[in-house]
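Enquirer: 5 is the number of the first residue of the sequence shown in our numbering; add one for each residue after it. Virtual Cβ for every residue (Gly too), placed ideally from N, Cα, C. This is the structure I want to talk about, given as structure tokens.
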Amino acid sequence: MPPTTFTSRTPTIKRILKEAAEITTNPSPDFSASPLETNLFEWHFTLRGPPSPSPYANGLYHGRISLPPTYPLRPPSFRFLTPSGRFEVNREICLSISGHHEETWQPAWGVRTALVALRSFMDTDGAQLGGVKSDAETRKRWASDSADWTCLECGKSNGVLMQEQEEMAGEGERGTEEVPEELKLGYREDLGETSTEKKDVAKTEVKETERRDVAPGAPAQIQPQSSSQIPVRRIQPQQVQVLAPSSWDVWLDKAIMAIGCLLAFLILRRLMSFIV
Numbered sequence: 005m006p007p008t009t010f011t012s013r014t015p016t017i018k019r020i021l022k023e024a025a026e027i028t029t030n031p032s033p034d035f036s037a038s039p040l041e042t043n044l045f046e047w048h049f050t051l052r053g054p055p056s057p058s059p060y061a062n063g064l065y066h067g068r069i070s071l072p073p074t075y076p077l078r079p080p081s082f083r084f085l086t087p088s089g090r091f092e093v094n095r096e097i098c099l100s101i102s103g104h105h106e107e108t109w110q111p112a113w114g115v116r117t118a119l120v121a122l123r124s125f126m127d128t129d130g131a132q133l134g135g136v137k138s139d140a141e142t143r144k145r146w147a148s149d150s151a152d153w154t155c156l157e158c159g160k161s162n163g164v165l166m167q168e169q170e171e172m173a174g175e176g177e178r179g180t181e182e183v184p185e186e187l188k189l190g191y192r193e194d195l196g197e198t199s200t201e202k203k204d205v206a207k208t209e210v211k212e213t214e215r216r217d218v219a220p221g222a223p224a225q226i227q228p229q230s231s232s233q234i235p236v237r238r239i240q241p242q243q244v245q246v247l248a249p250s251s252w253d254v255w256l257d258k259a260i261m262a263i264g265c266l267l268a269f270l271i272l273r274r275l276m277s278f279i280v
């Protein structure tokens with residue numbers, strides 16, 4: 005597969021190329037690191053174990069570095085491919101200021117700083133930093149066998165890779181590179197679980213606060229209202245007043261009856277004349 009062509013215009017690519025050139029021009033005898041020809045965001049590294057009396061003193065450890073698309077704003081992640089007895093093989097490791105917040109990674113740090121930190125963290129308590137539980141003899145045995153371990157992608161053993169690195173570094177004085185005190189280590193899935201746990205705790209605290217605001221002390225109980233407790237408007241029945249008939253009304257009624265009788269008499273008389 006031919007090498008992929010990258011543009012150096014973006015800040016991320018410029019930073020990656022700058023770090024790769026710096027590691028090449030200022031090589032360290034304790035580690036080597038370089039990006040793949042096909043992907044600048046994927047690196048391989050070979051790391052020498054911490055000095056004696058560390059059980060990893062004779063060990064050479066190979067692994068991968070993955071740079072996020074927003075590097076260096078986000079930290080790189082690492083995977084050890086060589087068994088060491090300290091880190092689980094092919095398990096992603098993150099570096100950050102806090103073991104639970106990788107967003108606090110300092111952009112001023114880089115791959116070199118991270119590799120120096122990894123090397124120093126190898127001698128820390130594995131149980132404390134989420135490492136593998138194994139005794140010193142097992143770690144020493146793996147360290148002695150690590151030089152023959154070969155990366156299939158690189159096509160070289162750890163011993164050959166570090167020998168080439170030592171030749172590049174020369175016989176100059178080996179300086180000690182310090183690790184920032186704020187830099188911590190943790191596994192990525194542990195960071196995710198911790199972040200989720202914190203979110204759940206925050207939600208629980210919000211719910212508890214709402215409960216306290218609604219009903220301090222004993223929880224409030226809503227009593228159902230009976231029909232007798234519901235306010236209603238009472239409608240008073242209206243009394244119909246019956247007015248006594250006046251004398252005028254009585255006279256009018258009698259006049260109407262008289263006229264009616266007269267009309268009936270005239271009609272009957274008219275009919276009788278036709279019959280006779």
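Around the Cβ of Asp-34, are there at least 16 other Cβ atoms within 10 angstroms (buried) or fewer (exposed)?
Expert: buried
Enquirer: Specify the secondary structure class of Trp-47 as computed by DSSP and reduced to three states.
Expert: strand
Enquirer: Should Val-93 go down as buried or exposed, given a rule of 16 or more other Cβ atoms within 10 Å for buried?
Expert: exposed
Enquirer: Within its chain, find whatever has a CB closer than 8 Å to the CB of Leu-256; leave out the 5 residues flanking it on each side and keep chain order.
Expert: none
Enquirer: Report all residues from its chain with a CB closer than 8 Å to the CB of Arg-68; omit the five preceding and five following residues, and keep chain order.
Expert: Glu-46, Trp-47, His-48, Phe-49, Phe-82, Arg-83, Leu-85
Enquirer: Hey, would you say Ala-173 sits closer than 9 Å to Ser-161, going by beta carbons?
Expert: no
Enquirer: In this structure, how does DSSP classify Ile-279 when only helix, strand and coil are distinguished?
Expert: helix
Enquirer: Can you give me the C-alpha to C-alpha distance between Ile-167 and Asp-127, rounded to a whole angstrom?
Expert: This sequence places Gln at residue 167; Ile is not what is there. Between Gln-167 and Asp-127, the C-alpha separation is close to 23 Å.
Enquirer: Reducing DSSP to helix, strand and coil, say where Ser-124 ends up.
Expert: helix
Enquirer: So, with DSSP's three-state summary, where would you put Cys-265?
Expert: Helix.
Enquirer: Roughly how far, in whole angstroms, is the beta-carbon of Gly-89 from the beta-carbon of Arg-123, given that I think they are within contact range, below 8 Å?
Expert: The Cβ separation is near 15 Å, so there is no contact.
Enquirer: Return helix, strand or coil for Thr-42, following the three-state DSSP convention.
Expert: coil
Enquirer: Select from Leu-165, Trp-146, Cys-158 the residue whose C-alpha is nearest the C-alpha of Leu-40.
Expert: The option with the nearest alpha carbon to Leu-40 is Cys-158.
Enquirer: For the region 64-104, which segments carrying the alpha helix (DSSP H) assignment without a break, of at least 4 residues, lie completely within its bounds, in sequence order?
Expert: none
Enquirer: Please look up how many angstroms separate the CB atoms of Arg-78 and Trp-109, rounded, as I've assumed it's under 8 Å.
Expert: 6 Å
Enquirer: State the Cα-Cα distance for the pair Val-115 and Pro-59, rounded to the nearest angstrom.
Expert: Inter-residue distance for Val-115 and Pro-59 is about 25 Å (C-alpha atoms, whole angstroms).
Enquirer: Please name the residue in Arg-13, Ser-38, Ala-259 whose C-alpha comes closest to that of Ala-25.
Expert: Ser-38
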